[in-house]
Amino acid sequence: MNIILKFIYKLMANLNIDIRKDYKKVRMAQEILSPGVRLVYKQLDQHFKSKDGSMITLRVFENSGEGKGAILFFHGGGWVIGDIDFYINLCTSLQQELNRTVISVDYRLAPEYPYPKGFEDCYTAFDLLCKGELDVDVDHSDVVVMGDSAGGNLAAAVCLKRRDEGLSLPSKQVLIYPATCWNHDEETSPFDSVRENGEDYGLTSQRVEEYMSLYAPNIEDRKSPYVAPLEAEDFSHQPETLVITAEFDPLRDEGEEYAKRLGEAENKVVLRRIDGAAHGFITLPAITKSVKEAFEEMKRFLGE
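For the sequence shown, my numbering assigns the number 102 to the initial residue and increments by one for each residue that follows.
In structure tokens:
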């Protein structure tokens, strides 16, 4: 890992932040760091009603090329921070690099809206899109669900629930360093990466625990496969899947374990670990080596 980047990650990991108390401050910081052109992008927004009637925003980055496929994107942020403004640069790059329309979902965040609110928003967005009930000119039979971190968790959960309900699935899913387990305690976690990478690489194991406590405050909910996909009893009949993990990520091993379980259930799975990368790398500038490697893997997987 680049020595400067490693220093920055260590600095981030050692910030005196308790997400349970400071999540609003982190959101404010992200607003400051978001692109100043966000007002321009708001004209791309659409709205739909979620399961309980709440209005949810979508931001549509239309493909200017010939590709009619779509990517339904769920952003990361531990289900607590992040939004469609903070992810403008990534979604623009996805649209340009992958030759697909990208639809970014501004699902509701915990702790104001704990599980299952944000999950239901993502599920409803996919349901409406594949039924052709959103005003987006795409091939509704070729919808890829994609997300990073908590967004990867939500993408996996949407696919599991669609299968459980006997409904049509996305054409493929792309899970970027997804959260798939509910336990990130360094003493009791089943995964070595929680202990190996849980202190010095930006995202700490402690913060993942804090995020989970806000997203699913009811401990019993955390055992649901729609919160922790590794809790599923059945991993069969899932869409073709690309799982991308990062070498220095506390979530590395659980993402790779999820890929393993999908493969054992006879799904088509591609697993790619990005060496030298840490959690959150996909939001770095597109010229970054790790980001370029991830995009090349996505291009191969999606056949572009």
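Backbone N, C-alpha and C define an ideal beta-carbon position, used for all residues, glycine too.
Source: prediction; values computed, not measured.
Comparing C-alpha distances from Val206 to each of Glu234, Glu198, Thr389 and Val246 shows the shortest one belongs to Val246. Listed as beta-bridge partners of Gly248 by DSSP are Phe175 and Leu276. Sequence-distant Cβ neighbours of Asp301 in its own chain, meaning closer than 6 Å and more than five residues away, are Lys111 and Ala114.
Nearest to Glu213 by alpha-carbon distance, out of Ala347, Lys400 and Ser314, is Ser314. Taking a C-beta distance under 8 Å as the contact criterion, Val141 and Ile172 do not qualify as a contact pair.
Under DSSP, the beta-bridge partners assigned to Leu343 are Val275 and Val371. Fully enclosed beta strand (DSSP E) runs of no fewer than 3 residues occupy 341-349 of the stretch 304-361, in order along the chain. For Val206, there is no enclosing alpha helix (DSSP H); the enclosing beta strand (DSSP E) has its first and last residue at Thr202 to Asp207. Under the three-state reduction of DSSP, Phe382 is assigned to helix. Where Asp146 is concerned, the enclosing beta strand (DSSP E) starts and stops at Asp146 to Lys150.
The C-alpha of Leu235 lies about 8 Å from the C-alpha of Phe149. Classified as buried, Ser250 has 16 or more neighbouring CB atoms from the shown chains inside 10 Å of its CB. Looking from the CA of Phe336, the closest CA among Tyr359, Gly377 and Arg401 belongs to Tyr359. Met113 sits in a helix when the DSSP states are folded into three classes. Rounded to the nearest whole angstrom, the CA to CA distance from Ser155 to Ile104 is 45 Å. Of Arg160, Gly179 and Lys324, the smallest CA-CA separation from Val127 is found for Gly179. Taking all protein chains in view, the Cβ of Ile120 is crowded by 16 or more other Cβ atoms within 10 Å, so the residue is classified as buried. Inclusion of Val259 and Pro351 in the CB contact set at 8 Å is not warranted, their separation being larger than that value. Annotated three-state conformation of Leu159 is strand, per DSSP. Of the residues assessed, Asp286 falls on the exposed side of the cut-off, its CB having fewer than 16 other CB atoms within 10 angstroms. For Lys152, same chain residues with a beta-carbon under 7 Å away, outside a window of 5 residues either side, are Glu221 and Thr225 in chain order.
Non-local C-beta neighbours of Gln147 in its own chain, meaning closer than 7 Å and more than five positions away in sequence, comprise Leu159, Val161, Leu235 and Asp236, ordered along the chain.
The alpha-carbon separation between Pro279 and Ala395 amounts to approximately 14 Å. For Glu213, there is no enclosing alpha helix (DSSP H), as DSSP marks it with neither H nor E. Asp376 carries a strand assignment under DSSP once its states are collapsed to helix, strand and coil. In the structure shown, Tyr124 falls within a helical segment according to DSSP collapsed to helix, strand and coil. Taking Lys262 as the centre and dropping the five residues before and after it, the same chain places the C-beta of Tyr224 and Tyr327 closer than 7 Å to its C-beta, in chain order. Distance from the CA atom of Glu163 to the CA atom of Arg201, rounded to whole angstroms, is 8 Å.
The C-alpha of Glu357 lies about 11 Å from the C-alpha of Leu343.
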